[in-house]
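A.B. asks: My questions all concern the structure below.
Residue numbers (my numbering), protein chains in the order written: chain L, -5 to 202; chain D, 275 to 1101.
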């Protein structure tokens, strides 16, 4: 929907300054764009292309490769319910059906109030804790239908303030002071850090 | 070649291929070594002019390097000593079967309606190496059938086998990564960013290298089947690079042009302008019959009448006739016209350049470099004036490769940033009128202070490179039509005296301009760069005194001293930079005789129009910017009553009672070899044989002192505080005749714009897209602003021949530089 705001452009500049080549910053910048709009908008991709000096097609190529980047608007809370084998055996499918019934949408859809999107996903690596789901990549384990309803209720009334809106990765933003940056500059011209050189194997002795 | 490609063999690498002991070149890829020894390994993604990526797995072969046999992709594998390779083993065949079965899983079986059917590597490989049947019964993936990814190219994603050739080409070769792999896994597809088409000047190459029918070109789609095509190897006459091409025709109509992998010239790449040039040849608007203005309008007449009228118009004293053009014709036709005009009629007011080139003697006195010499690793290229991406796009690809991949250094001395700027080691952007003094400081090595707005640092960087790197190649063209060519001549003079071992590549852009200069279609010279007092056997006469160039011809016409203009395929009314001068000249002359293929603005003003054939319809040779002679072959017959250019010269001579002494192209060639020293050693059968053509010998002018009369070092003083100096150059897509007559190319140009330096834009308070009023005399236009990278403050860049504003209205050939007023529009 939109390019980066002035404030986020400052954040973007800081992120870019951490990398020897601007285009290496593309993935954190895509997260920034997704944090701003809840999804990665076309305009945002064009803006990122300008910021890191690549074409928008290259940004789209990178963005579309990763499932965590969503290129269409989704709800404030994106609920990924696992229906892979381990969860399926302990009621994952039933949990998904319950979620669909409760929220009145099919998997992939978004509620009219723009709060919830349900996705039917493959294994999310919590097989001992099934049936499980992620809300904006925060895990919920061993859910019964009423657990699910409570979760939705908490998200609706704001009591679940541990889950930020979709796109926000962390509740705090990382800042690296300029004097703590490592390896800035072209990799070809930057000297190896001392600790790295000390780990290089000794050259073999003559005739060894 | 790619980095991994073989260089000259230093030591042979012994290896065994299918039981035979062979030698590979040092560093040679297995797929190449096998090919050279007669074993074709199937492949999709491997392309000899691009870096290997090993995407398609089709070239898997069984390789044993001492650790037992295993399957390895032969395009990623350098041959190592004593490698055992088996391309016919059971496991190789099983791998080929498997790869093809998987490749075909999603590939539709729509070969009968596919353009590629019949010349398709996937068809061929499936037939030769495939399993014959598929075990796949599921639904194939489906996409919307062809989507346009640019104005010239369609993409059918269902057919795509994801070989990465087009995307690699766009990124690595052309430098326009506007197509990319999108999505992942089974959904992976090639596509553009929404709303941002693949508008590369080189997009057509992706169609040629696509190993399936996923990419098709708009002009060729559904016009022919490959097995119905007849073809002839030829040379592109679109610009002076002289790219080698194959002309393909069906039912006596040109339907396609493909690039030929000429190692010396174009490496199989073509610009879209060269690739789709045949559309103009096929245009409905081609002239079919001779035409004469008998009753106030041009009417079709018989050849006899038209030739008679042409002869009448030319039956004047030589000084009363001016001849403009000739760069479009073949070398043979150029010789015929030179002999007719200079050798029979004694006319020397002949210029093949339209005031947009560089003094012919200056160009011809330069020691010539080849493209290969310019592109040498470790060398330094000095780009003077032109933006090769716009003017000579195929040369641009070679230069880009030299600078990006082979480590050549680039110094640009141009009026603005070029397509190569991001790779340049020194960027010297010259204000109009300052090229001479800047080159002087480089030539003399006095680079301690800034010169004409160029910082001492840029000059020092350039000077260091020029002192330390060898060879030095200067690529020189006219970068600004609104600035006199004397500044370019001055730059050449300084660079030549400062770097005596430097070689030069002329970037005069008009098709066969170098042939025209060599054949004497320029004032003061006879063929082969010989002076006017040379006696040439078989020539009745030679011009008594040095004639006029195009500017001189037009000025004399205005004064009434020239009463007949003969146009050899030129359109000065739109193509000559000084619009007022050329208009006045056309108003003043009595007769205009035009030899042309289209009714251009100029030929519409002619009394007699003689219709000619174009490249592809007539045979001959072409002299490219390296002075390399390569064949132009005919493939189809010209429309209507058109005649080849040399025939028209011979016909005019015959009607006038003379005889040029030849009646076939080969007779002209014999005469050229016999009479012109630079062509004495040319073996014409070698020229006609496929392969890189021979370079012609240096003319006696080479090495002679540059004519200094034209050289200009004076930096003009700005006339007023609101005037901006004009920088006028050409875009690849413009309103040029050939582009304009091609259905699919005529809409590719942009509107005229006012290109401003960012400092001037800030001063005026305007941004990209805002409108400004551009005033030149009583001519005014409202143009959109475009901030141009590298443009020095005080200049305004307006391209030539774009709709919206004709900068020719603001150019006067009598001024060293020209200015326009640019003001913010009051809204």
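Using N, Cα and C, we set each Cβ at its ideal position, and we do this for glycine too.
Going by beta carbon distance, what residues of the same chain come within less than 7 Å of residue 101 of chain L, once the five residues before and after it are set aside?
C.D. replies: 90, 94, 112, 113, 114
A.B. asks: What residues from chain B crowd round residue 36 of chain L, counting only those whose CB sits closer than 9 Å?
C.D. replies: Absent from the structure: chain B. Protein chains present are L and D.
A.B. asks: Does DSSP put residue 6 of chain L in a helix, in a strand, or in coil?
C.D. replies: helix
A.B. asks: Is residue 570 of chain D closer than 9 Å to residue 851 of chain D when the C-beta atoms are compared?
C.D. replies: no
A.B. asks: Measure how close the beta-carbons of residue 597 of chain D and residue 624 of chain D come, nearest whole angstrom, since I'm counting them as under 8 Å.
C.D. replies: 4 Å
A.B. asks: For the ligand ATP, is there a heavy atom less than 8 Å away from the beta-carbon of residue 17 of chain L?
C.D. replies: With respect to the ligand ATP, the structure offers nothing, as it holds no ligand at all.
A.B. asks: Determine, using beta carbons only, whether residue 15 of chain L comes closer than 9 Å to chain D.
C.D. replies: no
A.B. asks: Please classify residue 72 of chain L as buried or exposed, where buried requires at least 16 other C-beta atoms within 10 Å of its C-beta.
C.D. replies: buried
A.B. asks: Between residue 142 of chain L and chain D, is any beta-carbon pair separated by less than 9 Å?
C.D. replies: no
A.B. asks: Would you report the Cα separation of residue 412 of chain D and residue 382 of chain D, rounded to the nearest angstrom?
C.D. replies: 13 Å
A.B. asks: Can you round the beta-carbon distance between residue 203 of chain L and residue 160 of chain L to whole angstroms, since I take them to be within the 8 Å contact cut?
C.D. replies: Examination of residue 203 of chain L is not possible in this model, given that chain L is present from -5 through 202 alone.
A.B. asks: Just the Cα atoms here: how many angstroms apart are residue 776 of chain D and residue 504 of chain D?
C.D. replies: 44 Å
A.B. asks: Strictly under 9 Å for the Cβ-Cβ distance: is residue 152 of chain L near chain D by that measure?
C.D. replies: no
A.B. asks: Helix, strand or coil for residue 278 of chain D? Go by DSSP, reduced to three states.
C.D. replies: Confidence at residue 278 of chain D is low in this model, with a pLDDT of 45, below 50, so the placement of that residue should be treated as unreliable; the coordinate-derived value is given next. Judged by DSSP in its simplified three-state form, residue 278 of chain D adopts coil rather than helix or strand.
A.B. asks: Helix, strand or coil, according to DSSP, for residue 672 of chain D in the structure here?
C.D. replies: helix
A.B. asks: For residue 62 of chain L, does the count of other Cβ atoms within 10 angstroms reach 16, so buried, or fall short, so exposed?
C.D. replies: exposed
A.B. asks: Taking DSSP's pairing of strands, which residues face residue 776 of chain D in a bridge?
C.D. replies: None; residue 776 of chain D has no bridge partner.
A.B. asks: Check for me: the alpha helix (DSSP H) holding residue 144 of chain L runs from which residue to which?
C.D. replies: 139 to 151
A.B. asks: Could you tell me the boundaries of the alpha helix (DSSP H) in which residue 373 of chain D lies?
C.D. replies: 364 to 377
A.B. asks: Is there at least one Cβ from chain L nearer than 9 Å to residue 451 of chain D's Cβ?
C.D. replies: Output row for residue 451 of chain D: interface = yes.
A.B. asks: Between residue 1071 of chain D and the rest of its own chain, which residues show a CB-CB distance below 7 Å, the 5 nearest in sequence each way excluded?
C.D. replies: 690, 1001, 1029, 1062, 1065
A.B. asks: Does residue 256 of chain D pass the burial test, meaning 16 or more other C-beta atoms within 10 Å, or should it be called exposed?
C.D. replies: Since the displayed chain D opens at 275 and closes at 1101, residue 256 of chain D lies outside it and no answer follows.
A.B. asks: Skipping 5 residues on each side, what residues in its chain have a beta carbon closer than 7 Å to that of residue 138 of chain L?
C.D. replies: The beta carbon of residue 138 of chain L is closer than 7 Å to none in its chain, skipping five residues each way along the sequence.
A.B. asks: Given this structure, state the Cα-to-Cα distance separating residue 806 of chain D from residue 1009 of chain D, to the nearest angstrom.
C.D. replies: 37 Å
A.B. asks: Out of D:418, D:424, D:439, which has the shortest C-alpha to C-alpha gap to residue 430 of chain D?
C.D. replies: Closest by alpha carbon: D:418.
A.B. asks: With a threshold of 9 Å between beta-carbons, can residue 457 of chain D be considered close to chain L, or not?
C.D. replies: Interface criterion met: the Cβ of residue 457 of chain D is under 9 Å from a Cβ in chain L.
A.B. asks: Going by other Cβ atoms of all chains shown within 10 Å of its Cβ, with 16 needed for buried, is residue 510 of chain D buried or exposed?
C.D. replies: buried
A.B. asks: Looking only at its own chain, which residues have a Cβ that is under 7 Å from the Cβ of residue 732 of chain D, when we skip the five neighbours before and after it?
C.D. replies: 700, 701, 702
A.B. asks: Going by DSSP, name the residue or residues bridged to residue 1030 of chain D.
C.D. replies: D:1061, D:1070
A.B. asks: So, residue 616 of chain D versus residue 843 of chain D, is the Cβ gap smaller than 9 Å?
C.D. replies: no
A.B. asks: Quick one: what's got a C-beta closer than 8 Å to residue -4 of chain L's C-beta in the same chain, skipping five residues either side?
C.D. replies: 30, 31, 35, 37, 38
A.B. asks: Between the alpha carbons of residue 1098 of chain D and residue 28 of chain L, how many angstroms are there, rounded?
C.D. replies: For residue 1098 of chain D and residue 28 of chain L, the distance between alpha carbons rounds to 39 Å.
A.B. asks: Considering only DSSP beta bridges, list what residue 111 of chain L is partnered with.
C.D. replies: L:72, L:104
A.B. asks: On the DSSP bridge list, what partners appear for residue 80 of chain L?
C.D. replies: None; residue 80 of chain L has no bridge partner.
A.B. asks: According to DSSP, is residue 332 of chain D part of a helix, a strand, or is it coil?
C.D. replies: coil
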